[in-house]
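*Asks:* My questions will all concern the structure given below.
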Amino acid sequence: MLSSRKDLIKLRKAYSAAIKLQTKKILVCAGTGCVAGGSLDIYNELLRLIESKGIKCSVKLEKDPHSESIGLKKSGCHGFCEMGPLVRIEPEGILYTKVKITDCEDIVNSTIINSKVIDRLVYKIEGKPYIRQEDIPFYAKQHRVVLEHCGHIDATSILEYIAIGGYEAFEKALFDMKPIEIIEEVEKSVLRGRGGGGFPTGRKWRQVANQSEPIHYVVCNGDEGDPGAFMDRSIMEGDPHRMLEGMMIAGIATGSKEGYIYVRAEYPMAVSRLENAIKQAREIGLIGKNILGSSFDFEFHINKGAGAFVCGEGSALTASIEGKRGMPRVKPPRTVEKGLFAKPTVLNNVETYANVPKIITNGGDWYKSIGPENSPGTKAFALTGNIQNTGLIEVPMGTTLREIIFDIGGGMKGDKPFKAVQIGGPSGGCLITPNLDIPLDFDSLKKVGAMIGSGGLVVMDEGTCMVEVARFFMNFTQNESCGKCVPCREGTKRMLEILERIVAGNGKDGDIELLLDLADTISSTALCGLGKTAATPVVSTIKNFREEYEEHINNKKCPAGQCKKLVTYYIDPEICKGCSKCARNCPVEAISGKIKSPFVIDTNKCIKCGACFESCNFGAVKEV
Numbered sequence: 357m358l359s360s361r362k363d364l365i366k367l368r369k370a371y372s373a374a375i376k377l378q379t380k381k382i383l384v385c386a387g388t389g390c391v392a393g394g395s396l397d398i399y400n401e402l403l404r405l406i407e408s409k410g411i412k413c414s415v416k417l418e419k420d421p422h423s424e425s426i427g428l429k430k431s432g433c434h435g436f437c438e439m440g441p442l443v444r445i446e447p448e449g450i451l452y453t454k455v456k457i458t459d460c461e462d463i464v465n466s467t468i469i470n471s472k473v474i475d476r477l478v479y480k481i482e483g484k485p486y487i488r489q490e491d492i493p494f495y496a497k498q499h500r501v502v503l504e505h506c507g508h509i510d511a512t513s514i515l516e517y518i519a520i521g522g523y524e525a526f527e528k529a530l531f532d533m534k535p536i537e538i539i540e541e542v543e544k545s546v547l548r549g550r551g552g553g554g555f556p557t558g559r560k561w562r563q564v565a566n567q568s569e570p571i572h573y574v575v576c577n578g579d580e581g582d583p584g585a586f587m588d589r590s591i592m593e594g595d596p597h598r599m600l601e602g603m604m605i606a607g608i609a610t611g612s613k614e615g616y617i618y619v620r621a622e623y624p625m626a627v628s629r630l631e632n633a634i635k636q637a638r639e640i641g642l643i644g645k646n647i648l649g650s651s652f653d654f655e656f657h658i659n660k661g662a663g664a665f666v667c668g669e670g671s672a673l674t675a676s677i678e679g680k681r682g683m684p685r686v687k688p689p690r691t692v693e694k695g696l697f698a699k700p701t702v703l704n705n706v707e708t709y710a711n712v713p714k715i716i717t718n719g720g721d722w723y724k725s726i727g728p729e730n731s732p733g734t735k736a737f738a739l740t741g742n743i744q745n746t747g748l749i750e751v752p753m754g755t756t757l758r759e760i761i762f763d764i765g766g767g768m769k770g771d772k773p774f775k776a777v778q779i780g781g782p783s784g785g786c787l788i789t790p791n792l793d794i795p796l797d798f799d800s801l802k803k804v805g806a807m808i809g810s811g812g813l814v815v816m817d818e819g820t821c822m823v824e825v826a827r828f829f830m831n832f833t834q835n836e837s838c839g840k841c842v843p844c845r846e847g848t849k850r851m852l853e854i855l856e857r858i859v860a861g862n863g864k865d866g867d868i869e870l871l872l873d874l875a876d877t878i879s880s881t882a883l884c885g886l887g888k889t890a891a892t893p894v895v896s897t898i899k900n901f902r903e904e905y906e907e908h909i910n911n912k913k914c915p916a917g918q919c920k921k922l923v924t925y926y927i928d929p930e931i932c933k934g935c936s937k938c939a940r941n942c943p944v945e946a947i948s949g950k951i952k953s954p955f956v957i958d959t960n961k962c963i964k965c966g967a968c969f970e971s972c973n974f975g976a977v978k979e980v
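Here it is as structure tokens:
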């Protein structure tokens with residue numbers, strides 16, 4: 357049990373020395389994606405093989421190791437999800453991709469024992485091998501601050517976190533800084549909230565600290581409801597102590613003694629890692645009463661949400677923690693004045709808190725030197741969609757979409773032309789080719805009707821129907837509406853009905869104008885941020901792809917061929933072999949013909965399910 361600052365420093369020195377005695381480290385990705393791909397089985401097999409060969413292996417960091425050993429660790433997400441399961445070998449920095457359990461013996465024999473690289477497991481582009489992780493183009497242009505430890509340390513060990521400098525910022529804030537000095541340093545950094553709104557973090561902390569009410573709370577939003585987004589989940593899974601440290605520093609700065617973490621129940625691994633981290637910190641005396649012999653007390657609570665998107669809104673989130681229905685309330689009062697349990701509350705998301713330790717350690721000026729002046733620092737993005745390299749990335753604010761999509765992401769899958777990227781999830785907008793060189797920061801995106809949001813980037817190629825994209829996001833938003841205010845509850849329902857009518861081939865004149873009118877009304881009158889931004893995907897797709905809407909409405913055609921009810925199927929008699937497979941697969945018996953003669957489709961019976969198109973081995977079934 358640590359009872360003083362001296363004890364913490366002594367512990368850090370001891371375990372820093374211990375980690376240096378691990379001559380090689382094997383870091384098996386234990387993020388959700390790689391675990392789903394079997395990475396834990398790979399971990400267990402590597403452990404079995406190493407031990408069977410009589411090699412000393414450390415799965416836990418020992419305080420006083422007497423000899424060198426191999427460190428085998430379950431790390432957080434490496435980010436390169438497309439290539440998982442991933443295994444990193446240090447100190448060489450080797451990254452093995454798409455590792456199978458059958459590769460484990462080669463890894464031990466060749467790389468661990470004989471320091472030889474296994475060529476078939478390294479990442480290649482057009483035959484060129486990239487042995488070191490940092491040399492892979494996916495990583496080379498990244499700048500990892502928040503994610504610097506993810507994939508590089510044991511995600512389940514507080515001792516390893518301390519050994520590499522963990523809780524050093526908390527120690528500094530606790531003993532060397534006054535609360536106001538912490539706030540001033542965060543203000544100097546110009547750190548803006550990474551949950552989407554981009555509100556200055558230091559200003560929010562100052563507002564809470566200035567409240568006369570003696571009881572204050574620190575709350576972390578780990579709900580992360582955007583489709584395709586997994587940045588916060590990866591931080592909670594891969595470096596949970598960093599987030600906890602940021603929250604504790606916020607507690608010192610604002611006079612708060614309790615921290616609440618609101619995380620969705622659909623993130624079981626994140627919840628488990630957080631529970632383990634809190635337990636470890638409490639056991640060694642970094643959480644609880646009189647921490648490190650100071651007068652500072654702090655305790656954590658984890659609240660599991662039911663996955664309601666609206667609970668990402670501050671007042672809905674705090675209501676949910678209190679056991680009430682997660683619904684936004686009218687403001688003022690704001691959360692900084694009356695938040696959790698009607699007390700002044702600091703509410704930031706996971707990524708925001710994870711930035712704080714580095715700012716305290718290195719100073720606000722250091723952080724401000726990264727990225728543009730008004731939106732400094734880095735931003736983590738979840739890169740998904742029709743792109744070569746999907747995964748988790750972190751880049752300086754101000755990086756362009758072109759750099760992210762074509763340099764880091766490796767360009768479009770199948771070399772299809774780029775069409776658009778949805779940024780900011782259901783609250784964000786659609787950006788197109790002329791926007792590729794716009795710097796990704798809060799202010800630049802606002803000018804083009806988009807927002808960073810939590811950080812989801814869904815890349816789309818020419819085979820994507822933008823009307824269907826708008827329908828998808830409106831369906832999501834309408835389902836997630838809490839129903840409290842009429843504009844959001846009824847307005848999104850009407851917009852969804854119109855969009856569904858259009859993709860079904862029943863659109864009519866005036867639908868586009870009606871969508872825009874409804875969007876304006878909802879945005880102007882909805883109660884919370886969910887409603888105010890609900891129509892953004894629709895407005896941005898109409899702005900950039902109005903011709904697609906018109907084609908759906910006027911000509912009953914889907915240019916991308918995605919809207920099944922607007923597709924007509926026919927069989928090319930010149931290609932058809934008369935095998936009857938299409939007829940056998942048709943669920944409504946709309947196809948007829950004789951064996952070895954061309955078959956035909958009765959368009960009156962056809963339900964446009966596409967079963968014939970998918971089953972034809974000769975490409976005789978065509979879409980028009």
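Under this note's numbering, the first residue of the sequence shown is numbered 357, with each subsequent residue one higher.
Just so you know, even glycine gets a beta-carbon here, dropped at the ideal spot from N, CA and C.
Less than 8 Å between the beta carbons of residue 605 and residue 525, yes or no?
*Replies:* The residue labelled residue 605 in the question sits at position 249 within the sequence shown. The residue labelled residue 525 in the question sits at position 169 within the sequence shown. Contact flag set, yes.
*Asks:* Within 10 angstroms of its Cβ, does residue 708 collect 16 or more other Cβ (buried), or is it exposed?
*Replies:* One-based indexing of the sequence shown puts residue 708 at position 352. Counting Cβ neighbours within 10 Å, residue 708 comes out buried, since at least 16 surround it.
*Asks:* Near residue 908, which residues of its chain fall below 8 Å by C-beta distance, leaving aside the five closest residues on each side in sequence?
*Replies:* Within the sequence shown, residue 908 is the residue found at index 552, counting from 1. Here the set comprises 823, 858, 859, 861, 863, 914, 919 and 922.
*Asks:* Taking C-beta to C-beta, are residue 432 and residue 507 nearer than 8 Å?
*Replies:* On the sequence shown, position 76 is the one that residue 432 refers to. On the sequence shown, position 151 is the one that residue 507 refers to. It is a contact, given that the beta carbons lie within the stated cut-off.
*Asks:* Determine the closest residue to residue 938 out of 803, 976, 912 and 879, with distance taken between C-alpha atoms.
*Replies:* For the purposes of this step, residue 938 is identified with residue 582 of the sequence shown, where counting begins at 1. Checked all of 803, 976, 912 and 879; the closest Cα to residue 938 is 976.
*Asks:* For the alpha helix (DSSP H) that residue 600 lies in, which residues bound it at each end?
*Replies:* Your numbering for residue 600 matches position 244 in the sequence shown. Per DSSP, residue 600 belongs to the alpha helix (DSSP H) from 596–610.
*Asks:* Considering only C-alpha positions, which residue in the set 385, 884 and 797 is nearest to residue 668?
*Replies:* Counted from its first residue, the sequence shown places residue 668 at position 312. Among 385, 884 and 797, the Cα nearest to that of residue 668 is on 884.
*Asks:* Among 665, 734, 740 and 967, which one has its Cα closest to the Cα of residue 548?
*Replies:* Taking the first residue of the sequence shown as 1, we reach residue 548 at position 192. The shortest Cα separation from residue 548 among 665, 734, 740 and 967 belongs to 734.
*Asks:* What does DSSP give as the partner residue(s) for residue 737 in the beta ladder?
*Replies:* The sequence position of residue 737 within the sequence shown is 381, counting from 1. DSSP, once it has assigned bridges, lists 749 as partnering residue 737.
*Asks:* Can you tell me whether DSSP reads residue 836 as helix, strand or coil?
*Replies:* If you number the sequence shown from 1, residue 836 lands on position 480. Correct three-state label for residue 836: helix.
*Asks:* Please classify residue 400: does DSSP put it in a helix, a strand, or coil?
*Replies:* Position 44 of the sequence shown holds residue 400. Here residue 400 sits in helix by DSSP.
*Asks:* Which residue marks the beginning of the alpha helix (DSSP H) containing residue 391, and which one marks its end?
*Replies:* Along the sequence shown, read from residue 1 onward, the residue named residue 391 stands at position 35. Segment 388–392, the alpha helix (DSSP H) holding residue 391.
*Asks:* Could you say which of 962, 379, 952 and 493 lies nearest to residue 941 if we only look at CA atoms?
*Replies:* As a working note, residue 941 is residue 585 in the sequence shown. The residue with the shortest Cα to Cα distance from residue 941 is 962.
*Asks:* Taking the alpha helix (DSSP H) that residue 634 falls in, what are its first and last residues?
*Replies:* Reading the sequence shown from its first residue, position 278 is the one you call residue 634. 624–639 is the extent of the alpha helix (DSSP H) around residue 634.
*Asks:* Tell me where the alpha helix (DSSP H) around residue 563 begins and ends.
*Replies:* Residue mapping note: residue 563 aligns to position 207 of the sequence shown, counting from 1. Counting along the chain, the alpha helix (DSSP H) containing residue 563 begins and ends at 557–565.
*Asks:* Taking just the CA atoms, how far does residue 717 sit from residue 563?
*Replies:* Numbered from its first residue, the sequence shown carries residue 563 at position 207. Numbered from its first residue, the sequence shown carries residue 717 at position 361. Between residue 563 and residue 717, the C-alpha separation is close to 23 Å.
*Asks:* Can you give me the C-alpha to C-alpha distance between residue 722 and residue 871, rounded to a whole angstrom?
*Replies:* The sequence position of residue 722 within the sequence shown is 366, counting from 1. The sequence position of residue 871 within the sequence shown is 515, counting from 1. Their backbone Cα atoms lie some 46 Å apart in a straight line.
*Asks:* Give every residue of the same chain whose Cβ lies closer than 6 Å to the Cβ of residue 581, excluding the five residues on either side of it in the sequence, and list them in chain order.
*Replies:* Residue 581 sits at position 225 when you count from the first residue of the sequence shown. Counting only Cβ-Cβ distances below 6 Å, and skipping sequence neighbours, we find 665 and 668.
*Asks:* Near residue 377, which residues of its chain fall below 8 Å by C-beta distance, leaving aside the five closest residues on each side in sequence?
*Replies:* For the purposes of this step, residue 377 is taken as the residue at position 21 of the sequence shown. The answer, listed in chain order, is 421, 423, 424 and 425.
*Asks:* Using CA atoms only, rank isn't needed, just tell me which of 590, 457, 701 and 542 is closest to residue 996.
*Replies:* The structure shown has nothing for residue 996, since the chain only spans 357 to 980.
*Asks:* Run through the region 705–739 for me and flag every whole alpha helix (DSSP H) of 4 or more residues, listed as ranges in chain order.
*Replies:* Complete alpha helix (DSSP H) runs here, min 4: 706–718 and 720–724.
*Asks:* At 3 residues or longer, and completely inside the region 886–944: list those beta strand (DSSP E) runs for me, N to C.
*Replies:* With a minimum length of 3 residues, the continuous beta strand (DSSP E) runs that stay inside the region 886–944 are 925–927.
*Asks:* So within the region 512–577, which uninterrupted alpha helix (DSSP H) runs reach at least 4 residues, ignoring any that extend past its ends?
*Replies:* Listed in chain order, they are 514–519, 524–531, 535–545 and 557–565.
*Asks:* Under 8 Å between the Cβ atoms of residue 473 and residue 486?
*Replies:* What you label residue 473 is simply residue 117 of the sequence shown in a count that begins at 1. What you label residue 486 is simply residue 130 of the sequence shown in a count that begins at 1. Contact flag unset, no.
*Asks:* Count the other CB atoms within 10 Å of the CB of residue 974; is the residue buried (16 or more) or exposed (fewer)?
*Replies:* In the sequence shown, the residue the question calls residue 974 occupies position 618. Exposed, by the Cβ-count rule.
*Asks:* Do residue 929 and residue 967 have their C-beta atoms within less than 8 Å of each other?
*Replies:* Here residue 929 is taken as the residue at index 573 of the sequence shown, counted from 1. Here residue 967 is taken as the residue at index 611 of the sequence shown, counted from 1. No, they are not a contact pair.
*Asks:* Return the Cβ separation of residue 464 and residue 406 in integer angstroms, given the expectation that the two are a contact with Cβ distance under 8 Å.
*Replies:* Counted from its first residue, the sequence shown places residue 464 at position 108. Counted from its first residue, the sequence shown places residue 406 at position 50. Their Cβ separation, rounded to whole angstroms, is 6 Å, which keeps residue 464 and residue 406 in contact under 8 Å.
*Asks:* Could you compute how far the alpha carbon of residue 594 sits from the alpha carbon of residue 511?
*Replies:* For this step, residue 594 is matched to residue 238 along the sequence shown. For this step, residue 511 is matched to residue 155 along the sequence shown. Near 5 Å, if we compare the C-alpha coordinates of residue 511 and residue 594.
*Asks:* Where are the beta strand (DSSP E) runs, 3 residues long or more, that stay fully inside the region 430–509, in chain order?
*Replies:* Whole beta strand (DSSP E) segments, 3+ residues: 443–446, 450–452, 479–481 and 484–486.
*Asks:* Can you give me the C-alpha to C-alpha distance between residue 515 and residue 639, rounded to a whole angstrom?
*Replies:* The sequence position of residue 515 within the sequence shown is 159, counting from 1. The sequence position of residue 639 within the sequence shown is 283, counting from 1. Distance between the alpha carbons of residue 515 and residue 639 is about 12 Å.
*Asks:* Assuming residue 894 and residue 830 form a contact by the criterion Cβ under 8 Å, report the distance between their Cβ atoms to the nearest whole angstrom.
*Replies:* Walking along the sequence shown from the start, residue 894 turns up at place 538. Walking along the sequence shown from the start, residue 830 turns up at place 474. Between residue 830 and residue 894 the Cβ distance is about 6 Å, and since that is below 8 Å, they are a contact.
*Asks:* Using only CA atoms, which one of 671, 728 and 696 lies nearest to residue 614?
*Replies:* Indexing the sequence shown from 1 puts residue 614 at position 258. It is 696 whose Cα lies nearest to the Cα of residue 614.
*Asks:* Closest to residue 531 by C-alpha separation, out of 576, 650, 488 and 441, would be which residue?
*Replies:* Counting from 1 along the sequence shown, the entry for residue 531 is found at position 175. Checked all of 576, 650, 488 and 441; the closest Cα to residue 531 is 650.
*Asks:* Keeping to the same chain, check which residues put their C-beta closer than 6 Å to that of residue 456; ignore five residues upstream and five downstream.
*Replies:* For the purposes of this step, residue 456 is identified with residue 100 of the sequence shown, where counting begins at 1. Correct list: empty, nothing qualifies.
*Asks:* How many whole angstroms separate the CB atoms of residue 683 and residue 821, which I take to be in contact at a CB cut-off of 8 Å?
*Replies:* Counted from its first residue, the sequence shown places residue 683 at position 327. Counted from its first residue, the sequence shown places residue 821 at position 465. In fact, because the Cβ distance is near 34 Å, the residues do not count as touching under 8 Å.
*Asks:* State the DSSP-derived secondary structure class of residue 590, mapped to helix, strand or coil.
*Replies:* Sequence index remark: in the sequence shown, residue 590 carries index 234 (1-based). Here residue 590 sits in helix by DSSP.
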